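Okay, structure first, notes after.
Numbering (the UniProt record's numbering), first residue to last: 1 to 890.
Laid out in structure tokens, this is it:
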């Protein structure tokens, strides 16, 4: 097909068909026919009859795939991008197909539209033919193809294009360092560049000739140069704008994600207008596909045009004619439901970077003002979705409503739960325990019987006002679901203690924990986990509560779930949903900086790809988020020696074949998979899958649980304690000393002083300082011994759970290792990945350390995060001596 392009919504032939012969268009869409539209130049001043339109609407033949019949019974063939006019047409000829699009009607029925190079049943006059070959500058170009053709369609303009491309490349490199405000600084930079580009183009002799021949050419040239420039610099320019507007976009995304339940009635939109939404939504989803602000504004124009089309019911009811006031709520609804994560960046791009004034400037200003009003209305928080009003249900339990319709006890119960009426909920649950409903139901013929006797029995139960804790609404939700959804924290304890299941799921597979995560109720998440809620539960789309928190921007809930993981269960921070998206994908896509950084601190893997083969880096819109993701992918742990990997000296050991692991493996793990949690990827190595990366970088400290014995391996802290530790830097210095095999410095950090003389009084040493950290003079020894209370514990750990014993194994420091064992270091202390020193000793083939650990009583049956015990690692390393030791110990 040709590179020719135009906006068919502005084509006079198509607009006349849509306006004057809409029945023909309805027939074409409902029957999935093909509509052929001649290009703009041929029909801009022409008029057409119903027969002419019938000639251009084609119905496929049943016997041959390439044979068609027009509505006027003429025969047509379509072969290799050409329409061959046959029997019935005045002139038998071949007409080229310029491009093809798919249109949708209000019922979401599709039909094909072909833009063709000629009118079918009319001969082109010579005068018109000659006229069509000369460029028409009376109409401004509206698409990038038209801009490009006007600029570079002339022979001899290649040199000018080359010079302009060099100028724009230099500009892209320069403004990547831009850090100021978008307006007016960045706008002025781009405006100045457009001026320089225009000056360069006007030096072309062919351009000068066209300007002298047509007064209208200069207007078309200006808008073409501007849009060509915007297309070239778009990638870097729009990224800069997105980064400047990241705060507004992040706040708007959080509002939108939490308003997904919004319906048209919440926005006071008449139901009849809903028929205009499908086509508008499809068009709006293309917004980010366009590179220039002018094209994006044209897309917004098409969206508004589709939204404001007269609805079918308006033909009989004039009150349904759409007014300007009806447009805003419809646009708000579309924005809430759209997948676009950078609305404010788009608004800024369209509002400030169309520099050439065009005829539709006033019209475009209206569209932009409407869009801006919609965005700020959503951001203001005035859009309400499913939150109930504060009006409580009328009457008592089981009382007849004022409308005369009977409200069942179940409906009343759910209303009381929504409004948080604890007394009424307690009363109804108490009634369920004291009532004889079980005896009543045992007397029924069968559970679904509706005979008169059974109806009387069931009515007596309903009128008693009693309900059971297991009662569900029409969506399969329990009372605990509703309490979590509406933030009624006071009812969580009541309902749980009365038998409501914390892990019950509704029709969508969501548990009460999903509901609390969806709405961002951190206190309810803590309560539900306390009552046994499963943080790893997935809904019908494969989303865990952590996915929903990350998607909806609830940073405090993300922190609660990941911190509670240390005490309750093993949350997989890299778990993927049905689309393969991890919480990191969702947080990066919607621009939640805080959540992204916290997930990375909790070992979220930025290398995991979704089903579209996209890593979080690929879906991130924010440059700062991309930088954070890239830094985690690039950086190496500070305790790893930057040399060729060696089993005996380093934690890094990358096999010849890269080890990959799916975020949710469904097949048995091979021997290579057993080793994958212990492999550190080199920063330069290309990675494609969900790797588990273990290193010793500084991470937030959490208390650990030995899952084999359920015994706490270190002092337990409250679940809401701060994750910060004041001695984190001192721990890292200790680990560095172990790595460098500096025994005196290790003893200093651990407070090991062998002098047995009595400690001096605090007053004697308060104002004194040591000569240097390792000084052993009398004064310094006294200061050192007095500060033993501030020394590190022997089982201190960094933020990833590594203890001194772990580091001794990693760095093969047997001297300190032996002293730690003698001093009583915990043998089975675990990292955040549940890795013990014995796991590491087996992985690194340190036979002597394995022997010492086993002799001192280290457990050989502790499972790491993936269920592997030290014996698995020893077998994978092919270490028969270590295998023998482990077998004897077990």
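Virtual Cβ for every residue (Gly too), placed ideally from N, Cα, C. If you're wondering where the values come from, they're calculated on a predicted model, not measured in any experiment.
Confirm, please, whether the CB-CB distance from residue j to residue i is below 7 angstroms.
| i | j | result |
| --- | --- | --- |
| residue 331 | residue 271 | no |
| residue 164 | residue 197 | yes |
| residue 302 | residue 9 | yes |
| residue 223 | residue 140 | yes |
| residue 616 | residue 629 | yes |
| residue 55 | residue 120 | yes |
| residue 528 | residue 513 | yes |
| residue 351 | residue 368 | yes |
| residue 535 | residue 585 | no |
| residue 66 | residue 79 | yes |
| residue 839 | residue 864 | yes |
| residue 476 | residue 506 | yes |
| residue 741 | residue 813 | yes |
| residue 94 | residue 84 | yes |
| residue 749 | residue 805 | no |
| residue 856 | residue 886 | no |
| residue 292 | residue 245 | no |
| residue 39 | residue 12 | no |
| residue 537 | residue 511 | yes |
| residue 577 | residue 543 | yes |
| residue 184 | residue 267 | no |
| residue 889 | residue 860 | yes |
| residue 606 | residue 633 | yes |
| residue 491 | residue 515 | no |
| residue 5 | residue 145 | yes |
| residue 808 | residue 731 | no |
| residue 571 | residue 595 | no |
| residue 81 | residue 97 | yes |
| residue 509 | residue 474 | no |
| residue 182 | residue 241 | yes |
| residue 259 | residue 116 | no |
Residue i: which of the options sits nearest, CA to CA?
| i | options | result |
| --- | --- | --- |
| residue 307 | 284, 297 and 620 | 284 |
| residue 243 | 837, 473, 591 and 232 | 591 |
| residue 467 | 428, 501, 484 and 500 | 428 |
| residue 413 | 831, 593, 483 and 182 | 483 |
| residue 68 | 477, 53, 86 and 80 | 86 |
| residue 425 | 500, 267 and 840 | 500 |
| residue 488 | 508, 525, 504 and 474 | 525 |
| residue 891 | 583, 823 and 423 | No answer is possible for residue 891: the residues shown for the chain start at 1 and end at 890. |
| residue 173 | 182, 357, 213 and 193 | 193 |
| residue 90 | 107, 52, 59 and 115 | 52 |
| residue 102 | 72, 408, 290 and 279 | 279 |
| residue 852 | 282, 820 and 36 | 820 |
| residue 357 | 258, 380 and 294 | 294 |
| residue 780 | 803, 520, 446 and 751 | 751 |
| residue 623 | 239, 105 and 311 | 239 |
For residue i, does the count of other Cβ atoms within 10 angstroms reach 16, so buried, or fall short, so exposed?
| i | result |
| --- | --- |
| residue 574 | buried |
| residue 800 | buried |
| residue 646 | Confidence in residue 646 is poor, its pLDDT being 37 and thus under 50, which makes the residue's placement too unreliable to answer from. |
| residue 158 | exposed |
| residue 365 | exposed |
| residue 762 | Low confidence applies here, because residue 762 scores a pLDDT of 39, under 50, leaving its location unreliable and the question unanswered by this model. |
| residue 870 | buried |
| residue 837 | buried |
| residue 550 | buried |
| residue 237 | buried |
| residue 884 | exposed |
| residue 822 | exposed |
| residue 265 | exposed |
| residue 421 | buried |
Does the CB of residue i have a neighbour CB from chain D at under 7 angstroms?
| i | result |
| --- | --- |
| residue 801 | You won't find chain D in this structure, because it holds only one protein chain. |
Margin query: Extract the residue ranges of the alpha helix (DSSP H) inside the UniProt domain "VPS9" (246–387), only unbroken runs of 4 or more that lie entirely within it.
Written below: 246–257, 277–284, 293–307, 324–337, 343–352 and 361–379
Next item on the list: Check whether the stretch 30–45 touches the stretch 104–120, taking contact to mean three or more Cβ pairs, one atom from each stretch, closer than 8 angstroms.
Entry: yes
Margin query: Threshold first: 4 residues or longer. Then list the alpha helix (DSSP H) segments lying entirely within the stretch 534–584, N to C.
Written below: 545–552 and 555–564
Note to self: Check whether the stretch 552–560 and the stretch 249–260 touch, using three or more Cβ-Cβ pairs below 8 angstroms as the test.
What the structure shows: yes
Checklist line | alpha helix (DSSP H) runs wholly inside the stretch 165–212, at least 4 long, in chain order | finding: 187–202
Next item on the list: Would you list, in sequence order, the uninterrupted alpha helix (DSSP H) runs of no fewer than 4 residues that lie entirely inside the stretch 451–511?
Entry: 452–463, 479–485 and 489–497
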